[in-house]
Amino acid sequence: MNARLARQQRGLLDALLRARPPGPASPWHGPGLGAYRANAHAHAERALLDAYPVVAALLGEEAFATLARALWHHHPPTRGDLGEWGGTLAGFIAEQTGLDHLPYLPDVARLEWALHGATRAEGARADAASFAWLEREPPERLRLRFAPATAVVLSRWPVLSLLDAHLHGEPDLATAARRLRDGVAENVRVWRQGQAVRLTPLDPASARFEAALLAGHTLAQALEVAPLDALGWLSEAVRSGLCVGVAPASEPSPNTTDGAHP
34 MNARLARQQR GLLDALLRAR PPGPASPWHG PGLGAYRANA HAHAERALLD AYPVVAALLG
94 EEAFATLARA LWHHHPPTRG DLGEWGGTLA GFIAEQTGLD HLPYLPDVAR LEWALHGATR
154 AEGARADAAS FAWLEREPPE RLRLRFAPAT AVVLSRWPVL SLLDAHLHGE PDLATAARRL
214 RDGVAENVRV WRQGQAVRLT PLDPASARFE AALLAGHTLA QALEVAPLDA LGWLSEAVRS
274 GLCVGVAPAS EPSPNTTDGA HP
């Protein structure tokens with residue numbers, strides 16, 4: 034690609050992504066660019082709606098469309114697959130002073146993004162041989178490997194109730210609203226159990242323990258964060274497909290993404 038063409042492409046991309054269209058002095062000013070921007074906005078709205086249907090329901094159609102367009106300009110896609118775009122929405126919402134009346138919305142967005150990621154992830158087989166590390170090394174030298182796209186969302190809001198009420202109707206919206214008014218906190222784990230995506234509430238100790246493991250802590254460090262029955266937890270984690278292996282702490286963290294969302 035020659036330098037002139039590269040400059041033209043950068044100029045067009047900048048014109049498409051800036052919050053306001055360029056003025057008459059710009060070579061990109063005109064109805065053609067407007068059509069491109071409108072098309073980009075439509076793609077942004079559809080992509081974000083696929084990942085965040087509950088956020089959309091809580092905001093309303095017009096407000097959600099405005100939010101999607103703003104996110105497109107402030108945090109544009111970096112990959113061709115728009116299904117991978119939108120992970121910054123929770124933080125972006127938290128920065129919007131106009132949404133202060135919905136303080137639970139960022140946590141709902143975090144949970145929806147975790148669900149979106151788990152839905153798109155591939156399943157993983159358990160590495161049965163790796164569990165022998167539990168007999169060879171002490172807990173301070175071991176990390177646990179979770180199913181791909183496992184995430185723990187720690188929230189002081191009833192985020193799972195809000196999600197289930199809007200997506201499945203159980204609990205009903207009135208019950209979810211009451212839990213919201215009562216300040217019910219819900220911590221949630223999202224993971225793949227084979228080909229199925231699961232969500233389950235977690236008690237505070239289990240949530241802190243799993244979040245520490247997902248953040249790369251060793252088994253011993255996670256037990257310091259939240260003491261619990263490690264053998265009982267591990268037995269259930271293996272049975273449910275949550276924990277799929279064990280790795281020495283000297284190796285890179287076996288969980289490639291930080292799945293803990295405080």
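All residue numbers for the sequence shown refer to this note's numbering, where the first residue is 34 and numbers rise by one.
Note that beta-carbon positions come from the ideal geometry of N, C-alpha and C, so glycine has one too.
Computed from a prediction, not measured in an experiment: that's the story for all the values here.
Note down the Cα distance separating residue i from residue j, rounded to an integer number of angstroms.
| i | j | result |
| --- | --- | --- |
| Ser286 | Gly278 | 12 Å |
| Ala259 | Pro181 | 23 Å |
| Leu267 | His149 | 26 Å |
| Trp105 | Leu264 | 46 Å |
| Ala165 | Glu284 | 16 Å |
| Ala89 | Tyr137 | 14 Å |
| Ala238 | Leu256 | 10 Å |
| Arg241 | Arg189 | 13 Å |
| Leu196 | Ala127 | 18 Å |
| Glu269 | Arg176 | 17 Å |
| Glu95 | Gly116 | 21 Å |
| Ser194 | Pro204 | 6 Å |
| Arg153 | Ala248 | 21 Å |
| Ala80 | Ala209 | 26 Å |
| Asp114 | Arg169 | 43 Å |
| Ala147 | Glu155 | 14 Å |
| Gly124 | Arg102 | 15 Å |
| His107 | Gln228 | 34 Å |
| His62 | Arg231 | Reliability fails at His62, whose pLDDT of 45 lies under 50, so the model's placement of it is uncertain and the value that follows must be treated cautiously. Roughly 48 Å between the two C-alpha positions. |
| Thr111 | Phe97 | 21 Å |
| Asp215 | Gly202 | 20 Å |
| Pro109 | Leu261 | 42 Å |
| Leu82 | Gly120 | 13 Å |
| Asp236 | Ala207 | 24 Å |
Pick out whichever of the options has its Cα sitting closest to the Cα of residue i.
| i | options | result |
| --- | --- | --- |
| Thr99 | Arg158, Ser163, Ala77 | Ala77 |
| Asp133 | Ala229, Leu92, Gln254 | Leu92 |
| Ala161 | Asn288, Ala282, Arg272 | Arg272 |
| Ala84 | Arg102, Ala96, Trp118 | Trp118 |
| Ser163 | Asp262, Thr183, Phe179, Val186 | Phe179 |
| Glu145 | Ala157, Ala184, Glu95 | Ala184 |
| Pro171 | Leu82, Asp262, Ala253 | Ala253 |
How far does the alpha helix (DSSP H) with residue i in it extend, from its first residue to its last?
| i | result |
| --- | --- |
| Val87 | 86 to 92 |
| Trp146 | 138 to 153 |
| Leu167 | 166 to 169 |
| Glu265 | Per the sequence shown, residue 265 should be read as Gly rather than Glu. Residues 263 to 272. |
| Val258 | 252 to 258 |
| Asp217 | At residue 217 the sequence reads Val, which differs from the Asp that was named. Note, Val217: premise wrong, no alpha helix (DSSP H); not H, not E. |
| Leu200 | 192 to 200 |
On the premise that residue j lies in contact with residue i, defined as a C-beta separation below 8 Å, what is that separation, rounded to the nearest angstrom?
| i | j | result |
| --- | --- | --- |
| Ala142 | Leu122 | 5 Å |
| Pro234 | Val223 | About 11 Å; that fails the 8 Å criterion. |
| Pro86 | Leu213 | The Cβ separation is near 18 Å, so there is no contact. |
| Ala151 | Arg225 | 6 Å |
| Pro191 | Glu173 | Going by Cβ atoms, the distance from Pro191 to Glu173 rounds to 36 Å, so no, they are not a contact pair. |
Residue i: buried (16+ other C-beta within 10 angstroms of its C-beta) or exposed?
| i | result |
| --- | --- |
| Leu275 | buried |
| Asp140 | buried |
| His250 | buried |
| Thr130 | exposed |
| Glu243 | buried |
| Ala198 | buried |
| Ala75 | exposed |
| Ala245 | buried |
| Arg323 | Since the first and last residues shown for the chain are 34 and 295, residue 323 lies out of range. |
| Leu187 | buried |
| Pro282 | Note that residue 282 is Ala in the sequence shown here, rather than Pro. Label assigned to Ala282: buried. |
| Asn288 | buried |
| Ala52 | Reliability of the predicted coordinates at Ala52 is poor, the pLDDT of 48 falling under 50, and no value is obtained from them. |
Within the continuous beta strand (DSSP E) that includes residue i, where are the two ends?
| i | result |
| --- | --- |
| Phe179 | 175 to 179 |
| Val223 | 220 to 226 |
| Ala162 | Here Ala162 belongs to no beta strand (DSSP E), and DSSP marks it neither H nor E. |
| Pro234 | 229 to 235 |
| Ala280 | 276 to 281 |
| Ala184 | 184 to 186 |
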